[in-house]
């Protein structure tokens, strides 16, 4: 039985003078075809609206390459409302570069209706990569460089080069990426291990998501050049860590470079940078510098020549590096000590065989007239050639060191350690707004004592001078000075009478108001 949407109204029937109830029937659906979106080479999304007019309604999209359509999407419910409702469907399996017609069709118990015809065109499918083979370059007896220009056509593309002695190829290079651009990209690959005087076929093969494109097959022929000649010569300019290897190389008309293989056995293990031997047709002298060697060490070496015709090794030879000359240096820390303070003497023996060597250290105190006396006989260096000892000089003293290495006597230069007096200073206030500064100086017999004010620029201004008085039975001397209170920073400066001591200072004092 037809479903009715009953509209109750009051109708005035003039003839009958009564009020009657009238039922109005619902109508067929009203579909409207919308625009297609998300159009790809093989798909699209269709949309539209339909007003069910109050009856349960189903919808589907008809589509095809003409207004005959021929295909419909699966029917689905649009409800039974009385207002336009949105509907959509996704199409797949379409053909690229094709115009499609479509419309929205709707059906309910009130009838069937179709929206207006609309169209969309699928874009072209992504293309396979384009490949243009290029001529081979850097062709040698055993290798060549091949290349190609690749257009990925907007998709990630990988490229290999196939090569062999026929168009069956048989070998391929490792894959390279040409990216995903839309412009030509040049890729190259180096072929090695080829046979001399042989014709090789090659091509570039590029693959993206759409498919594979083979470039045109091209050919090159490997060379039949003569390998260079090489002769390992003697060593010159030999030191403890460097040498120059001499030799001769015949390029045989091809650009040729040379280098030296070197090591402590005939397995070598290291090589020098290359030098050019030119491209002439006769032997030329070459000199190859070698650095970073160990002293007193036997090395194996040979000269090697390289051209596009091949690599040739000269005969193995040997040489022995020289000794590193020995030297002995002394250093003191500190080099200026307060009376009674220790200084650390460091003797550093450099050169070959400097570890575990016996040293003699000598001292000559002020006034330096007496011969140097041994004070540290036979102290030994460590593995690094260093020996240390402590000294407590009571006067300024000169030091020297010496040893014998490989029958040669090695002596250091003279080292001077300066001694200054030890000065104490104590501050206390006395009557009359004055202060008294006193202290002890070691050793006794030192000379003038001055109080110096430390100015803001760190210069010193003498404000008081006194003489120190020896303290009987001791090695001390005492000083005392009294002065008016003047705020600031001060120090006590002592200039000894004896030239065996340098001038010395107390720690700074601060006088406050």
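Numbering (mature numbering (1 follows the signal peptide of the UniProt record, and there is no 0)), first residue to last: -25 to -1, 1 to 488.
Even for Gly, the Cβ is constructed at its ideal location relative to N, Cα and C.
Because the structure is a prediction, the values reported are computed rather than measured.
Exercise. Please classify residue 222: is it buried, with 16 or more other beta-carbons within 10 angstroms of its beta-carbon, or exposed?
Key: buried
Please report the residue range of the beta strand (DSSP E) in which residue 340 lies.
333 to 340
Notebook entry, point to check: Quick one: what does DSSP say residue 109 is sitting in, helix, strand or coil?
Noted result: strand
For residue 130, does the count of other Cβ atoms within 10 angstroms reach 16, so buried, or fall short, so exposed? buried
(Q) Between the segment 221 to 236 and the segment 259 to 271, can you find at least three pairs of beta-carbon atoms closer than 8 Å? (A) yes
Assigned secondary structure, residue -4 (DSSP; H/G/I helix, E/B strand, else coil): Interpretation of residue -4 is limited by its pLDDT of 38, a score under 50 that renders its predicted location unreliable; the figure taken from the coordinates is listed afterwards. If DSSP states are grouped into helix, strand and coil, residue -4 belongs with coil.
Range covered by the beta strand (DSSP E) that runs through residue 151: 151 to 154
query = What are the start and end residues of the beta strand (DSSP E) that includes residue 189?
reply = 187 to 189
### Task
For residue 397, count neighbouring C-beta atoms within 10 Å of its own C-beta (all shown protein chains included) and say buried if the count is 16 or more, exposed if not.
buried
Next on the checklist: Quick check: the segment 370 to 381 against the segment 332 to 343, are at least 3 beta-carbon pairs closer than 8 Å?
Outcome noted: yes
Using DSSP bridges, identify the partner residues of residue 283.
Per DSSP, none; premise fails for residue 283.
**Message:** So if DSSP puts residue 24 in a beta bridge, which residue, or which two residues, is it bridged to?
**Reply:** 7, 61
| field | C-alpha gap between residue 78 and residue 61, whole angstroms | value | 14 Å
Closest to residue 240 by C-alpha separation, out of 291, 267, 394, would be which residue?
291
Quiz prompt | Per DSSP, the bridge partner or partners of residue 385 | solution = 378
Original post:
Skipping 5 residues on each side, what residues in its chain have a beta carbon closer than 6 Å to that of residue 391?
Top reply: 373
**Study point:** Where residue 36 falls, given that 16 or more other Cβ within 10 Å makes a residue buried
**Key:** buried
Q: Would you list the residues sitting across from residue 92 in a DSSP beta bridge?
A: Per DSSP, none; premise fails for residue 92.
request  = Could you tell me if residue 166 is buried or exposed, where buried requires 16 or more neighbouring beta carbons within 10 angstroms of its beta carbon?
outcome  = buried
- From residue 168 to residue 118, what does the alpha carbon distance come to, in whole angstroms? 6 Å
Task: Sub-8 Å separation of residue 531 and residue 180 beta-carbons - done: The requested residue 531 is not part of the displayed model; the chain covers only -25 to 488.
Are there 16 or more other CB atoms within 10 angstroms of the CB of residue 474, so buried, or fewer, so exposed? exposed
Apply the 10 Å Cβ neighbour rule to residue 329 and answer buried if 16 or more other Cβ atoms are within range, or exposed otherwise.
buried
Worksheet item: Which value, in whole angstroms, describes the spacing of the CA atoms of residue -2 and residue 52?
Response: Unreliable positioning characterises residue -2 in this predicted model, as indicated by a pLDDT of 44, which lies under 50. The coordinate reading is nonetheless provided below. In a straight line, the C-alpha of residue -2 is about 24 Å away from that of residue 52.
Exercise for review: Give a yes or no on whether the minimum CB-CB distance between residue 400 and chain D is below 8 Å.
Suggested key: Annotation note: the requested chain D is absent from the structure, which comprises a single protein chain.
Neighbourhood of residue 194 by C-beta distance below 6 Å, restricted to the same chain and skipping five residues each side = 174, 176
- Task: Only counting runs of 3 or more residues, tell me where the beta strand (DSSP E) segments fall wholly within the segment 241 to 305, in order along the chain.
- Result: 250 to 253, 259 to 265, 273 to 282, 285 to 288, 292 to 295
Self-check item: residue 44 (DSSP reduced to helix, strand or coil)
Solution: coil
| request: May I ask you to report which of helix, strand or coil DSSP gives residue 444? | output: strand
Practice prompt. Run the CB neighbour count on residue 365, radius 10 Å, all protein chains shown included, and call it buried at 16 or more, exposed below.
Written response: exposed
For this session: Buried or exposed for residue 471, please, with buried defined as at least 16 other CB atoms from any protein chain shown within 10 angstroms of its CB.
Result: buried
Hey, quick one: how far does the beta strand (DSSP E) through residue 314 stretch, first residue to last? Looking at the DSSP string, residue 314 is not in any beta strand (DSSP E), and its letter there is neither H nor E.
task = Measure the alpha-carbon distance for residue 289 versus residue 307 and round it to whole angstroms.
result = 53 Å
Item to complete: Just mark residue 229 as buried or exposed, buried being the case when its beta carbon has 16 or more other beta carbons within 10 Å.
Response: buried
If we count the other Cβ atoms within 10 Å of its Cβ and call it buried at 16 or more, is residue 19 buried or exposed? buried
Just the C-alpha distance for residue 350 and residue 368, rounded to the nearest angstrom, thanks.
12 Å
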